[in-house]
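What follows is the structure in structure tokens.
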């Protein structure tokens with residue numbers, strides 16, 4: 001009799017233990033997919049945030065960054081889109097980069113509206129620059145070249161590529177894109193070398209080249225310029241392009257159960273307020289601007305809208 | 001500068017500094033030996049650990065890894081025809097035939113010595129060119145990349161091993177394979193047969209592992225026996241002969257180191273390209289280019305010296321502009337940033353000590369890694385005497401696990417298998433694998449830089465002939481291609497053909 005009772009109790013205990021474990025996310029390690037190679041800005045952001053995310057998750061698990069590069073980010077993004085929506089696979093996303101192939105008429109493997117938009121990590125505006133050794137000091141000077149302005153970028157479908165085409169359209173100059181570079185630092189270097197005339201790159205990258213005296217900044221899409229001597233795009237008469245830039249978001253596969261999404265999102269946002277991470281981000285120039293699951297998608301849509309308006313321009317190869 | 005060097009030396013010689021360096025060397029050797037895993041993986045995995053370390057200690061650890069990886073990788077390339085890291089693939093061509101002839105000791109000795117000396121030369125050049133590093137980095141643009149690729153591709157003519165037509169066919173197949181995937185210039189995905197796996201192109205490490213290791217293991221299991229051909233089994237050469245061989249072929253060493261440093265200094269090319277260009281260049285200056293691929297020690301010295309020299313070179317663009325010169329350096333930039341050190345010119349001004357710690361650690365690591373390798377070489381060589389029944393399953397399992405571990409996708413394992421079969425069939429029907437590999441590695445750069453150049457010039461082809469560096473590279477290529485013919489013509493009247 002006692003034996004039966006004991007068995008029953010232990011069975012009940014087991015059932016209880018398993019159900020409560022199911023309710024408590026996370027039970028195992030989380031894979032944080034970076035759809036780009038090692039060493040870039042998105043890679044760095046994930047590796048910066050991951051250890052702090054481990055600290056804010058309700059249970060102690062590891063957050064493992066994984067690079068899945070390919071096709072300008074589409075390979076890794078598509079993989080996460082199809083992954084099981086259990087919260088153990090999340091990805092960093094480039095906005096508007098994630099939407100550009102779709103906008104420019106390519107067949108893409110995912111629907112950006114169906115993803116679970118967990119959080120925004122940061123936003124970065126662009127600075128446009130020309131070689132400091134060259135004779136040009138402004139966009140007006142470039143317009144006098146008498147030929148299309150050559151603008152360097154990673155390649156068609158990349159954010160800076162599209163941003164450059166948008167700027168050209170708004171400011172009224174002909175642009176010829178030079179693609180095929182491996183990252184922002186490399187295509188800025190290409191302008192220093194003289195491959196092209198102009199380039200747009202995230203502020204963190206550009207600031208360094210400007211401070212070193214290799215690049216002359218001609219405008220910034222920030223609201224208030226953070227680099228002395230570089231005018232805002234609004235002051236050049238193009239207020240509508242203020243905020244043109246590249247943002248980092250965290251996505252999960254479509255159909256992620258709400259409680260798991262909430263847990264992940266809250267942990268992410270909380271991690272980003274960790275004073276240690278904030279200090280580290282400040283030191284490294286990583287532009288943190290956390291937003292939770294309730295606001296992330298709307299903010300992404302707003303950033304995208306700026307690019308959407310120029311669908312014809314950015315579809316040109 | 002001297003002050004910083006001394007300060008860095010002091011850090012390195014503290015017990016903790018030396019310990020981090022040594023741990024780095026051991027990790028580097030292990031990640032190097034394991035096929036698939038390499039320097040970038042090792043540094044990326046250790047990155048979170050360096051968060052809490054002092055910058056100098058982190059530099060000692062990472063310098064240790066960077067300096068040791070290629071020495072580790074050369075061991076598996078020579079003994080098992082399995083490139084431990086992608087840049088070591090070039091070492092397989094001659095290192096493995098040497099092992100088959102029972103001269104694995106010679107090859108390991110030469111590889112380890114060439115790595116050390118190459119690494120040291122790279123570090124010295126780095127320190128020497130710091131004042132003019134910006135102009136060196138800016139010297140090479142897309143037209144020059146294209147000419148470099150052509151220079152390497154032209155060596156296909158020399159590497160056909162007497163099977164000229166077969167060599168060309170294999171080279172063309174390599175070119176076609178290199179174009180698979182994402183076209184970086186136009187932004188489209190092509191030749192992927194609608195397979196998503198191929199969007200990033202054919203991944204190099206699985207392909208190389210298949211072409212070298214798996215195909216060799218298939219061949220071994222068909223033939224039986226051991227890696228060392230039975231008749232040569234008695235002929236075990238000493239490691240010291242390998243060390244001596246490097247000094248005997250000092251021209252190959254210097255040339256390899258120069259190529260390694262230069263390619264390292266140019267962002268966007270990387271270690272594999274450096275090693276292959278050094279291999280083809282060694283072949284071009286050799287008195288016996290026909291023995292390459294059959295166990296010519298120069299074919300080991302060239303790529304191995306380039307392989308380590310590129311680390312010093314890759315620091316040049318990192319310090320000059322904050323742009324990484326190699327895959328390891330790209331990950332290393334992340335480490336710098338997380339330590340609050342801004343990669344770029346300010347780094348050298350504000351944190352000279354940290355950089356010198358890295359350069360010293362890198363140099364010390366080359367030496368320590370070589371000493372470790374040379375010490376254990378005679379035991380490692382025993383691998384070539386193991387019976388295939390034991391060896392084949394072991395090597396195949398370890399290679400495939402390594403390939404899988406890199407990206408954790410089964411696709412990579414399948415790729416290694418397919419390329420293994422392809423490699424075996426090529427061996428069977430006497431198609432040289434080296435021409436396929438050269439084309440596979442250089443094809444993408446040739447294509448990308450070709451279109452970039454034409455975009456730069458609005459379609460004007462003269463851009464390849466009007467820039468001095470590009471023109472010099474073209475002249476060298478033409479010289480190398482015509483040199484054997486000219487030499488043969490000059491020799492013919494006095495000297496009747498002699499069988500060698």
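Protein chains in written order, with the working numbering: chain A, 1 to 317; chain B, 1 to 500.
All C-beta atoms in this analysis are idealised placements derived from N, C-alpha and C, irrespective of residue type, glycine included.
One question on the structure: do residue i and residue j come within less than 9 Å of each other, judged by their Cβ atoms?
i, j, result
"residue 85/A", "residue 257/A", "yes"
"residue 92/A", "residue 46/A", "yes"
"residue 89/A", "residue 35/A", "no"
"residue 465/B", "residue 146/B", "no"
"residue 29/B", "residue 405/B", "no"
"residue 92/B", "residue 82/B", "yes"
"residue 24/B", "residue 365/B", "yes"
"residue 74/B", "residue 216/B", "no"
"residue 99/B", "residue 438/B", "no"
"residue 97/B", "residue 70/B", "no"
"residue 121/A", "residue 28/A", "no"
Please name the residue or residues paired with residue i in a DSSP beta bridge.
i, result
"residue 298/B", "Answer is none; residue 298/B lacks a bridge partner."
"residue 67/A", "34/A"
"residue 150/A", "176/A"
"residue 432/B", "Residue 432/B pairs with nothing; no bridge assigned."
"residue 123/A", "247/A"
"residue 89/A", "31/A"
"residue 219/A", "128/A"
"residue 113/A", "According to DSSP, residue 113/A bridges with nothing at all."
"residue 95/A", "247/A"
I want to see whether chain A comes within less than 9 Å of residue i, judged by CB atoms only; does it?
i, result
"residue 327/B", "yes"
"residue 137/B", "yes"
"residue 200/B", "yes"
"residue 289/B", "no"
"residue 310/B", "no"
"residue 449/B", "yes"
"residue 56/B", "no"
"residue 196/B", "yes"
"residue 13/B", "no"
"residue 180/B", "no"
"residue 338/B", "yes"
"residue 147/B", "no"
"residue 346/B", "yes"
Taking 9 Å as the CB-CB cut-off, is residue i touching chain B?
i, result
"residue 50/A", "yes"
"residue 209/A", "yes"
"residue 156/A", "yes"
"residue 202/A", "no"
"residue 174/A", "no"
"residue 69/A", "yes"
"residue 251/A", "no"
"residue 78/A", "yes"
"residue 159/A", "no"
"residue 217/A", "no"
Can you round the beta-carbon distance between residue i and residue j to whole angstroms, since I take them to be within the 8 Å contact cut?
i, j, result
"residue 264/B", "residue 313/B", "2 Å"
"residue 148/B", "residue 383/B", "With 8 Å as the limit, residue 148/B and residue 383/B do not qualify as a contact, their Cβ atoms being about 36 Å apart."
"residue 412/B", "residue 403/B", "5 Å"
"residue 360/B", "residue 9/B", "6 Å"
"residue 309/B", "residue 118/B", "4 Å"
"residue 170/B", "residue 346/B", "The Cβ separation is near 48 Å, so there is no contact."
"residue 178/A", "residue 456/B", "6 Å"
"residue 75/A", "residue 199/B", "5 Å"
Is residue i buried or exposed, if buried means 16 or more other CB atoms sit within 10 Å of its CB?
i, result
"residue 317/A", "exposed"
"residue 181/A", "buried"
"residue 302/A", "exposed"
"residue 105/A", "exposed"
"residue 379/B", "exposed"
"residue 22/A", "Reliability of the predicted coordinates at residue 22/A is poor, the pLDDT of 48 falling under 50, and the value obtained from them is presented with this limitation in mind. Result: exposed."
"residue 391/B", "buried"
"residue 30/A", "buried"
"residue 296/B", "buried"
"residue 276/B", "buried"
"residue 135/B", "exposed"
"residue 489/B", "exposed"
So is the beta-carbon of residue i under 8 Å away from any non-hydrogen atom of the ligand ADP?
i, result
"residue 83/B", "Summarising the ligand content, the structure contains no ligands, and the ligand ADP is consequently not present."
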